[in-house]
Amino acid sequence: MSAHGLHDGRRASCGAGRGDLVAAILLVAALGGASCKGDPDPGRDGEAARSQRLQPDGSVRLSASDRASLGLRVEAAALVDLPDVRLRLGRVLARPVDGISIVSPTLARVSEVSPLSIGDDLQAGAILAILEPLLSPSERIGVDVQAADLAGQLQAARRELSLHEAAAARANALSEATIVSGQARQEADTLVETTRARIAGLERARAASRGHGAVPLFTPESGRLAAFDVNLGAVVHPGDVIAHVIAKGPRWIDVLAAPDEPSGDSYEIRAGSEWIPARLVGTGGVVGNDGARRDRLEVDESNALRLLPGASVPVRVAVGASSGVVVPEAALVPVVGGDLVFVEGADGAFRPRLVTAVARLAGRVRIGTGLKVGERIVVSGAMGLRGETLRSLLEVD
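Throughout the sequence shown, residue numbering follows UniProt numbering, covering 1 to 397 in sequence.
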């Protein structure tokens, strides 16, 4: 083959290689394009679904699965009577019979303190602290002499017990042989039990003497620890209050009212995040220095432990009745400037709307403005729907 022919062959070979490479690139590009068209992007689908939920006008359109996941329930706003409600301030009190003060019986030093916290529930007999009485030198000598005397009595009683047990064993054996009467056997057994009881008493007295009269302070009844003011090593005097326990039972609430203000028909007390019912047990007959009377309410024992004596609590006072648009309190979503409800339109979309609540009682709310009778609103799942709206707004941005 000539050089010219060889050069032409190489050129043809390179040209063919370039052609194959271009064809391969075009094929990959075509396959890639087909793959992109055929396989949907989950992220884009999610964004599209969220954009479909949140409409340009601020409404939210949900599928049936979305509604189920949020637990939405829709009801029509109804025209119902609901009492007018006044908000007052009350102070929680424990009934005198329920307040237990544990005090120091003598001048003593605190030798042990139980690891308790305010609000702990205690059982009757729970030890709060142990006190070691502070004795003068002469008193301490007297305690030591008493301890020695108790040790001697205990030793003598144990010897007597051995003799009485041997006599009782003989009496039982002879009683079986009808040599000794049954009455004699019972007397011997009684003497053994009496001696054992005396030994037990002496042992308890000796244990107390060894601790130089250590005094345990315990709660006499079950209840909740309301105050516990004692430090290890502190010196306490007779009558010093070591702890205060509130026994189980109803609680009282003194609520402030104007002198000429009528008593309420029903009452609710705020306990944590909930409102619990209370009943009126007495209307104040004296006006205090602050110009207000104090009406006394009572909360049942089932809710009483949620109210700590001395705490100030909001009180709802319900009087009369007024007709208006009433919805469940769970339908309202607190926002800056008021409350929101989600109204379902004829197109199935939910639109947030500001409303004004004029009365709240027993889990229901009377709406003053922003809602009409018959309009369908979300009564369960409103908070979840609000969260979904805010999340969609953030993701769209």
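Quick reminder that beta carbons are idealized off the backbone N, C-alpha and C, glycines included.
Limits of the unbroken alpha helix (DSSP H) element including Asp-66
It spans 64 to 70 - the alpha helix (DSSP H) in which Asp-66 sits, taken as one unbroken run.
State the DSSP-derived secondary structure class of Val-22, mapped to helix, strand or coil.
Confidence in Val-22 is poor, its pLDDT being 39 and thus under 50, which makes the residue's placement unreliable; the coordinate value appears in the next sentence. Helix.
Less than 8 Å between the beta carbons of Ala-362 and Asp-81, yes or no?
Contact flag unset, no.
Can you look up Val-110 in the DSSP assignment and give me helix, strand or coil?
Three-state DSSP puts Val-110 in a strand.
Would you mind stating whether Val-103 and Gly-239 have Cβ atoms separated by less than 8 Å?
Against a cut-off of 8 Å, the Cβ pair of Gly-239 and Val-103 comes out as a contact.
Would you list the one or two residues that DSSP bridges to Gly-99?
In DSSP, Gly-99 forms a bridge with Ile-246.
For Pro-220 versus Ile-100, is the C-beta distance shorter than 8 Å?
Closer than 8 Å, so yes.
Just to confirm, are Val-313 and Val-92 a CB contact at a threshold of 8 Å?
Going by C-beta atoms, Val-313 is nearer than 8 Å to Val-92.
Can you check whether the CB of Leu-256 is closer than 8 Å to the CB of Arg-306?
Going by C-beta atoms, Arg-306 is not nearer than 8 Å to Leu-256.
Sheet register partners of Gly-90 (DSSP bridge)
In the DSSP assignment, the residues bridged to Gly-90 are Val-255, Val-313.
If we count Cβ pairs, one from each stretch, closer than 8 Å, do we get three or more for the stretch 264 to 274 versus the stretch 331 to 351?
They do not touch, by the three-pair rule.
Please return the same chain residues whose Cβ sits closer than 7 Å to the Cβ of Met-383, not counting the five positions on each side in sequence.
Correct list, in chain order: Val-333.
Between the stretch 188 to 195 and the stretch 68 to 77, do at least 3 Cβ pairs fall closer than 8 Å?
With the cut-off at 8 Å, the stretch 188 to 195 and the stretch 68 to 77 do not touch.
Answer with yes or no whether the minimum CB distance from Ser-117 to chain B is below 8 Å.
Annotation note: the requested chain B is absent from the structure, which comprises a single protein chain.
According to DSSP, simplified to helix, strand and coil, what is Asp-149?
In this structure, Asp-149 counts as helix in the three-state DSSP scheme.
Distance, Val-317 Cα to Arg-386 Cα
Cα-Cα distance, rounded: 31 Å.
Can you tell me whether Arg-10 is buried or exposed, with buried defined as 16 or more other CB within 10 angstroms of its CB?
Residue confidence for Arg-10 is low, a pLDDT of 41 falling below 50, so the modelled location carries little weight; the figure read from the coordinates is stated next. So Arg-10 ends up on the exposed side.
Between which two residues does the beta strand (DSSP E) containing Glu-344 stretch?
Note, Glu-344: beta strand (DSSP E), 338 to 344.
What three-state label does DSSP hand Thr-389 in the structure shown?
Per DSSP, reduced to three states, the secondary structure at Thr-389 is helical.
Looking only at its own chain, which residues have a Cβ that is under 8 Å from the Cβ of Ser-268, when we skip the five neighbours before and after it?
Looking at the sequence shown, residue 268 is not Ser but Glu. Residues Trp-275, Ile-276, Pro-277, Ala-278, Val-315, Arg-316, Ala-318, Leu-361, Ala-362 of the same chain have their beta carbon placed closer than 8 Å to that of Glu-268, with the five preceding and five following residues left out of the count.
Supposed contact pair Ala-357 and Asp-339 - C-beta distance, whole angstroms, cut 8 Å:
Sure, about 6 Å apart at Cβ, within 8 Å.
Out of Asp-84, Glu-75, Leu-225, Ser-59, point me to the one whose CA is closest to Gly-324's CA.
Nearest of Asp-84, Glu-75, Leu-225, Ser-59 to Gly-324, Cα basis: Asp-84.
Pull up the CB-CB distance for Arg-251 and Ala-304, whole angstroms please, since I reckon it's below 8 Å.
The Cβ separation is near 4 Å, so the contact holds.
Express the C-alpha separation of Glu-298 and Ala-292 in angstroms, rounding to a whole number.
Roughly 19 Å separates the two Cα atoms.
Can you give the Cα-Cα distance for residue 411 and Val-378, rounded to whole angstroms?
This structure cannot settle anything about residue 411, because the visible part of the chain is limited to 1 through 397.
Given that a residue counts as buried once 16 or more other Cβ atoms are within 10 Å of its Cβ, and exposed if not, what is Glu-203?
Counting the other CB atoms within 10 Å of its CB gives Glu-203 a total below 16, which places it among the exposed residues.
What separation, rounded to the nearest whole angstrom, lies between the Cα atoms of Pro-96 and Gly-337?
Roughly 44 Å separates the two Cα atoms.
Check Ala-349 in the structure and name its three-state DSSP category.
Coil.
Within a Cβ cutoff of 7 Å, which residues of the same chain sit near Ser-114, ignoring the five residues on either side of it in sequence?
So the list reads Ile-127, Leu-128, Ala-129, once near-sequence residues are dropped.
Let me check understanding here. Comparing Cα to Cα, which of Pro-56, Leu-122, Ala-311, Gly-282 lies closest to Arg-224?
That would be Leu-122, whose Cα lies nearest to the Cα of Arg-224.
Tell me the rounded alpha-carbon separation between Ala-49 and Ser-117.
Confidence in Ala-49 is poor, its pLDDT being 49 and thus under 50, which makes the residue's placement unreliable; the coordinate value appears in the next sentence. The alpha-carbon separation between Ala-49 and Ser-117 amounts to approximately 52 Å.
In its own chain, which residues sit with a C-beta less than 7 Å from the C-beta of Asp-254, not counting the 5 before and 5 after it?
Taken in chain order, the residues that qualify are Gly-90, Arg-91, Leu-93, Arg-294, Arg-296.
Tell me whether Thr-190 is buried or exposed, calling it buried when 16 or more other Cβ atoms sit within 10 Å of its Cβ.
Thr-190 sits exposed, since fewer than 16 C-beta atoms from the chains shown fall within 10 Å of its C-beta.
Along the chain, where does the beta strand (DSSP E) that runs through Ser-380 open and close?
Residues 376 to 380.
If you draw a straight line from the C-alpha of Phe-218 to the C-alpha of Gly-125, how long is it?
About 5 Å.
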